[in-house]
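To start, the structure itself, in structure tokens.
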Amino acid sequence: MLGPETRIPRGVDRLDVRLPGWQEKIDIARLDMSSNTDGLLEQLFGRYGYYPGLTFLGLRFAGGYQHGFDIETDSDEDYEQWAELTEAWKQVIQQKKAAT
Numbered sequence: 037m038l039g040p041e042t043r044i045p046r047g048v049d050r051l052d053v054r055l056p057g058w059q060e061k062i063d064i065a066r067l068d069m070s071s072n073t074d075g076l077l078e079q080l081f082g083r084y085g086y087y088p089g090l091t092f093l094g095l096r097f098a099g100g101y102q103h104g105f106d107i108e109t110d111s112d113e114d115y116e117q118w119a120e121l122t123e124a125w126k127q128v129i130q131q132k133k134a135a136t
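Everything in the sequence shown is counted per my numbering, starting at 37 for the first residue and increasing by one.
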């Protein structure tokens, strides 16, 4: 199992290339990676935007996990993994916003 610190930079790189400035569109207070409305890709691509977002980024389903947009299991009840992923993304987004 790869941790968020390994996976998220892959997602950031893909977003930076395909959707420059993406971090400015994210409401960090609302960000919840387990949500189908407030997840990162959902905030960028609309409600249920996970799959359209993956497609836009040139990723297939497994790419969601590999790029830090999903957890290893496919269970919405795995709150600890979702919370860890959400917090890791919040930190990265705050750093990117501060750098711009």
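Where a beta carbon is used, it is the ideal one built from N, C-alpha and C, also for glycine. Note that the structure is a prediction, hence the values are computed from the model and not measured.
query: Proximity of L80 and W58 at Cβ, strictly below 8 Å; result: yes
query: Expected contact under 8 Å - CB spacing of G104 and R43 to nearest Å; result: 4 Å
query: Option in V53, P88 and L121 with minimal Cα separation from Q102; result: L121
query: Of the residues G39, P56 and R50, the one placed nearest T136, counting alpha carbons only; result: P56
query: Three-way DSSP call (helix, strand, coil) for L139 in this model; result: Lying outside 37 to 136, the shown extent of the chain, residue 139 is not represented and no answer is given.
query: N-terminal and C-terminal residue of the alpha helix (DSSP H) that L76 is part of; result: L76 to F81
query: Where the alpha helix (DSSP H) containing T91 begins and where it ends; result: Y86 to F92
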